[in-house]
Amino acid sequence: MHTHTHTHTHTHTHTHTHTHTHTHTHTHTHTHTHTHTHTHTHTHTHTHKTHTHTHKTHTHTHTHTHTHTHTHTHTHTHILCYYNKEM
1 MHTHTHTHTH THTHTHTHTH THTHTHTHTH THTHTHTHTH THTHTHTHKT
51 HTHTHKTHTH THTHTHTHTH THTHTHTHIL CYYNKEM
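Spelled out as structure tokens, the structure:
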């Protein structure tokens, strides 16, 4: 008569780590345009017997453009941990 007793103990531990990173980028661009027009009129009339001369008209246009860019970056990080134990 032989009696054999076997005891087996198994312990399994599983660790899962998930990292999720979300990056959101928002870009806002504002453009401002300023236009300035200057008109200078100089009229000179000279009469020489049968000749008439008329001078002059000058127009100056200035355009200024300003561009502003704003960038916003948001980063979200989520860490999820799962522990599974099987005895």
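Under UniProt numbering, think of the first position of the sequence shown as 1, with each following residue one higher.
All C-beta atoms, glycine included, are put in the ideal place defined by N, C-alpha and C.
None of the values given here were measured: they were computed from a predicted structure.
key: DSSP three-state assignment for Lys49, whether helix, strand or coil   = Three-state result, Lys49: coil.
task = Tell me whether the beta-carbon of Thr61 lies closer than 8 Å to the beta-carbon of Thr41.
result = The beta carbons of Thr61 and Thr41 sit no closer together than 8 Å.
key: Residues near Thr33 in its chain [Cβ-Cβ closer than 6 Å; skip 5 each side]   = Cβ within range, chain order: Thr65.
message = With a threshold of 6 Å on Cβ separation, who are the neighbours of Thr23 within its own chain once the five nearest residues in sequence on each side are excluded?
response = The beta carbon of Thr23 sits closer than 6 Å to the beta carbons of Thr75 from its chain, once the five residues preceding and following it are set aside; these are given in chain order.
ask   = Looking at the structure shown, is Thr33 part of a helix, part of a strand, or coil, going by DSSP?
value = The answer is strand: DSSP assigns Thr33 an E or B state.
ask   = With DSSP run on the structure shown, which of helix, strand or coil describes His10?
value = Residue state for His10 is assigned as coil, using DSSP reduced to three classes.
key: Own chain residues within Cβ distance below 8 Å of Thr3, not counting five before or after   = The answer is none, since no qualifying residue turns up.
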